[in-house]
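Colleague: Residues in the sequence shown are numbered from 52 upward in steps of one, following the numbering used here.
First the structure, then my questions, so here it is.
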Amino acid sequence: MTPHPIKTISTSISAQLTLLSSASENGTTSERRSDPLLQKLHDFIAEITELREQQDELPKNMRASINTGIEKIIAACEKTVDSTWREAGKFLHHIDDKKHSPVKIQKTIDLFPEALLLKNGKGEVPIQRAVRCAQSVGFIKILAEGSIKSCTDTAMERGGLSLNVMSSYPRLNILQWLVNSYDDDDDGIYNTRCLLALKDLRQCGLLSDDDITSSGLINQATSPYTLKRLEYLLGEYPVALSTRSENGNLMIHDTIHHKNIRIFLTALKVGIRFHRRHFGFLFDKNKSGKMALTMAIEKYGKDKALHVVQKCIPPSCTEREKIPILHQVLRKAPTLIDDFVRRYPDALFMLDRKGRHLIHAALENGIKKSPLLLLMIQGNEESLEERDPATGLYPFMLSDDLSTIHDLLRRRPEACLKHLPQEKQSRKGIRGVGLSDQVRTSLERKEEDSQLREEMTLYYLR
Numbered sequence: 052m053t054p055h056p057i058k059t060i061s062t063s064i065s066a067q068l069t070l071l072s073s074a075s076e077n078g079t080t081s082e083r084r085s086d087p088l089l090q091k092l093h094d095f096i097a098e099i100t101e102l103r104e105q106q107d108e109l110p111k112n113m114r115a116s117i118n119t120g121i122e123k124i125i126a127a128c129e130k131t132v133d134s135t136w137r138e139a140g141k142f143l144h145h146i147d148d149k150k151h152s153p154v155k156i157q158k159t160i161d162l163f164p165e166a167l168l169l170k171n172g173k174g175e176v177p178i179q180r181a182v183r184c185a186q187s188v189g190f191i192k193i194l195a196e197g198s199i200k201s202c203t204d205t206a207m208e209r210g211g212l213s214l215n216v217m218s219s220y221p222r223l224n225i226l227q228w229l230v231n232s233y234d235d236d237d238d239g240i241y242n243t244r245c246l247l248a249l250k251d252l253r254q255c256g257l258l259s260d261d262d263i264t265s266s267g268l269i270n271q272a273t274s275p276y277t278l279k280r281l282e283y284l285l286g287e288y289p290v291a292l293s294t295r296s297e298n299g300n301l302m303i304h305d306t307i308h309h310k311n312i313r314i315f316l317t318a319l320k321v322g323i324r325f326h327r328r329h330f331g332f333l334f335d336k337n338k339s340g341k342m343a344l345t346m347a348i349e350k351y352g353k354d355k356a357l358h359v360v361q362k363c364i365p366p367s368c369t370e371r372e373k374i375p376i377l378h379q380v381l382r383k384a385p386t387l388i389d390d391f392v393r394r395y396p397d398a399l400f401m402l403d404r405k406g407r408h409l410i411h412a413a414l415e416n417g418i419k420k421s422p423l424l425l426l427m428i429q430g431n432e433e434s435l436e437e438r439d440p441a442t443g444l445y446p447f448m449l450s451d452d453l454s455t456i457h458d459l460l461r462r463r464p465e466a467c468l469k470h471l472p473q474e475k476q477s478r479k480g481i482r483g484v485g486l487s488d489q490v491r492t493s494l495e496r497k498e499e500d501s502q503l504r505e506e507m508t509l510y511y512l513r
């Protein structure tokens, strides 16, 4: 029995559509357009369309046969399309950067956006699976952007980035997983690709400041294997370093609770880059009143802690980048000044932001006659005649130690006259320049008369 011609057309088109769908994965758009199979399909569609348009001129039984055949063709096409988008979904679950190009993946999403919602046996959509594999994590941006563009499902808001990763415990969303998950090598392929994925999302606006804070991404990155991601996130959102948490601590305080000193190093490194005036918050205190520097020394030992400081603030950059580290140490941690001087000898002769010499800060903070003070003086003895811009006082007037005052004036007695009004400099007698002459003579002879030193000091400091 000869088959009905419409049935033959239906079967033929169904078979060809099935072949076309499987062949489309291996060919480019231009190749498909010149494909003889595709041309034959177009011819069949044109012929069926013409039959449909002219069916009113045909007998009733033929019209019924044509309509039935077309319905079967449509059903076959729908079945093929349904089968194809599911195949597309399976394909997106197994994308591999060694086998598939971004162009091919993007085209699949454009043709079959519903494939982004196909769940595997674990209940995951493609983006949830992709984030777990080094071969596919680099395509997170493409999957997220495709979801935003094409998917109306509320679960796929923000491209599905807020979805939880099924294998995580406690549950982490995709952004948190990108930050928190790692292999055992900080320079490993998966770690590197997670960092690149974060940068891609940031660039296209899918990783906002609000995402960083609301998802707690910075805290998620405090692992020895995620330090590059921590450094990147802090660089993108440096305000996190200056914001105190609910426990009253800055981030640098919290990093010191970790056993691995590299986490503290990373926070300080980025802090110096973006908060130089605050020395990366190294000298800021936590809620209990303890400085980050002190905490680091207690946690890791003085040598290791100061080595980190020196690595984040190299001695070569203190003068070039105007970081008056020794002035700050004198103000905040004077007991450590000798340790810092050994590491930053060139900073002995720097001015701080107010134009103060180090000797001004040293004397104001109680440094007395010592090898350290002698080192400051020998390197810049002219500073003994310069007023402290912050207080308006000369160095000998800043100290409260008589022996130190005596030594300073002996070296530069001219400072005595500089601070007096001109008319007083011309007067004679014990209360005028006479005292100055007496002091000058005494000091030049290196006289150690404590009563004279006391009288002189009280006179000039009153």
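Each residue gets a CB set at the ideal place from its N, CA and C atoms; glycine is no exception.
Predicted model, so just to flag it, every value in this text is computed and none were measured.
Output the distance between the C-alpha atoms of arginine 404 and asparagine 311, rounded to the nearest integer angstrom.
Modeller: Taking the straight line from one Cα to the other gives about 34 angstroms.
Colleague: Which partner residues of lysine 353 appear in the DSSP bridge assignment?
Modeller: In DSSP, lysine 353 forms no bridge with anything.
Colleague: Among residues of its own chain, excluding the 5 on either side of tyrosine 288, which ones have a beta-carbon nearer than 6 angstroms to its beta-carbon?
Modeller: Same-chain partners within the cutoff: Asp260 and Ile263.
Colleague: What is the residue span of the alpha helix (DSSP H) that valine 392 lies within?
Modeller: 388-394 is the span of the alpha helix (DSSP H), which, as asked, contains valine 392.
Colleague: Pull the bridge partners of methionine 342 from the DSSP assignment, please.
Modeller: Beta-bridge pairing links methionine 342 to Lys336.
Colleague: Measuring CB to CB, does glutamate 432 end up less than 8 angstroms from arginine 393?
Modeller: No. Outside cutoff.
Colleague: Taking 8 angstroms as the threshold (C-beta atoms), are histidine 411 and aspartate 439 in contact?
Modeller: Going by C-beta atoms, aspartate 439 is nearer than 8 angstroms to histidine 411.
Colleague: Can you give me the C-alpha to C-alpha distance between lysine 350 and serine 339, rounded to a whole angstrom?
Modeller: Going by the C-alpha atoms only, they are around 16 angstroms apart.
Colleague: Per DSSP, which one or two residues make a beta bridge with asparagine 215?
Modeller: DSSP output for asparagine 215 lists Asn224 as bridge partner(s).
Colleague: In chain order, what residues of the same chain lie with their CB nearer than 7 angstroms to the CB of isoleucine 121, ignoring the 5 residues before and after it?
Modeller: Within the same chain, isoleucine 121 has close Cβ partners Ile99 and Arg103.
Colleague: Pick out the complete alpha helix (DSSP H) segments inside the region 263-331, 4 residues or longer, and give them in chain order.
Modeller: Qualifying alpha helix (DSSP H) stretches, in chain order: 268-271, 278-287, 290-293, 302-306 and 312-325.
Colleague: Once the 5 residues before and after glycine 331 are set aside, which same chain residues still bring their CB inside 6 angstroms of it?
Modeller: Only Leu319, Gly322 and Ile323 meet the Cβ criterion.
Colleague: What residue does the alpha helix (DSSP H) around leucine 399 start on, and which one ends it?
Modeller: Note, leucine 399: premise wrong, no alpha helix (DSSP H); not H, not E.
Colleague: Would you check if the region 129-146 and the region 162-172 touch, i.e. whether three or more CB-CB distances between them fall below 8 angstroms?
Modeller: They touch, by the three-pair rule.
Colleague: Would you say leucine 381 and leucine 399 are within 8 angstroms of each other, going by their C-beta atoms?
Modeller: Cβ atoms of leucine 381 and leucine 399: not closer than 8 angstroms.
Colleague: Apply the 10 Å Cβ neighbour rule to glutamate 297 and answer buried if 16 or more other Cβ atoms are within range, or exposed otherwise.
Modeller: With fewer than 16 Cβ atoms within 10 Å of its Cβ, glutamate 297 is classed as exposed.
Colleague: Report the residue from Leu357, Val188, Ile374 and His304 whose alpha carbon sits nearest the alpha carbon of arginine 327.
Modeller: When each option's Cα is compared against that of arginine 327, the closest is Ile374.
Colleague: Can you give me the start and stop residues for the alpha helix (DSSP H) that valine 380 sits inside?
Modeller: Counting along the chain, the alpha helix (DSSP H) containing valine 380 begins and ends at 376-383.
Colleague: What residue does the alpha helix (DSSP H) around serine 134 start on, and which one ends it?
Modeller: Counting along the chain, the alpha helix (DSSP H) containing serine 134 begins and ends at 111-144.
Colleague: For threonine 273 versus threonine 306, is the C-beta spacing smaller than 8 angstroms?
Modeller: Yes; because the gap between Cβ atoms is below 8 angstroms, this pair is in contact.
Colleague: Evaluate cysteine 255 with the Cβ neighbour count: other Cβ atoms within 10 Å of its Cβ, from every protein chain shown; 16 or more gives buried, anything less gives exposed.
Modeller: Cysteine 255 should be labelled exposed.
Colleague: Quick one: is methionine 113 buried, meaning 16 or more other Cβ sit within 10 Å of its Cβ, or exposed?
Modeller: It is exposed - the Cβ of methionine 113 has fewer than 16 other Cβ atoms within 10 Å.
Colleague: In angstroms with no decimal places, state the Cα-to-Cα distance between serine 187 and asparagine 118.
Modeller: Serine 187 and asparagine 118: Cα-Cα distance of roughly 46 angstroms.
Colleague: If you reduce the DSSP assignment to three classes, tell me which class glutamine 361 lands in.
Modeller: Three-state result, glutamine 361: helix.
Colleague: Taking proline 385 as the reference, give the member of Pro275, Asn416, Trp136 and His93 with the closest Cα.
Modeller: It is Asn416 whose Cα lies nearest to the Cα of proline 385.
Colleague: Taking only three categories from DSSP, how would you classify lysine 158?
Modeller: Looking at lysine 158 - three-state DSSP - the assignment turns out to be helix.
Colleague: Considering Cα atoms alone, identify which of Ser116, Met448 and Gly443 is closest to lysine 419.
Modeller: Closest by alpha carbon: Met448.
Colleague: Measuring alpha carbon to alpha carbon, tell me which residue in Asn224, Leu444 and Ile193 is nearest lysine 158.
Modeller: Comparing Cα-Cα distances from lysine 158 to each of Asn224, Leu444 and Ile193, the minimum goes to Ile193.
Colleague: Would you kindly check if the distance between the Cβ of glutamine 179 and the Cβ of valine 230 is under 8 angstroms?
Modeller: For valine 230 and glutamine 179, no; Cβs fall outside 8 angstroms.
Colleague: To which residues of the same chain is serine 434 closer than 6 angstroms at the C-beta, ignoring the five residues directly before and after it?
Modeller: His408 and Ile410.
Colleague: What three-state label does DSSP hand phenylalanine 447 in the structure shown?
Modeller: Looking at phenylalanine 447 - three-state DSSP - the assignment turns out to be helix.
Colleague: Check whether the Cβ atoms of leucine 333 and leucine 344 sit closer than 8 angstroms, and answer yes or no.
Modeller: It is a contact, given that the beta carbons lie within the stated cut-off.
Colleague: Taking its Cβ as the centre, do 16 or more other Cβ atoms sit within 10 Å of arginine 244, making it buried, or is it exposed?
Modeller: Buried, because 16 or more other Cβ atoms sit within 10 Å of the Cβ of arginine 244.
Colleague: Classify serine 450 as buried or exposed, calling it buried when 16 or more other Cβ atoms lie within 10 Å of its own Cβ.
Modeller: By the neighbour-count rule (16 or more Cβ atoms within 10 Å), serine 450 is buried.
Colleague: Taking its Cβ as the centre, do 16 or more other Cβ atoms sit within 10 Å of threonine 442, making it buried, or is it exposed?
Modeller: With fewer than 16 Cβ atoms within 10 Å of its Cβ, threonine 442 is classed as exposed.
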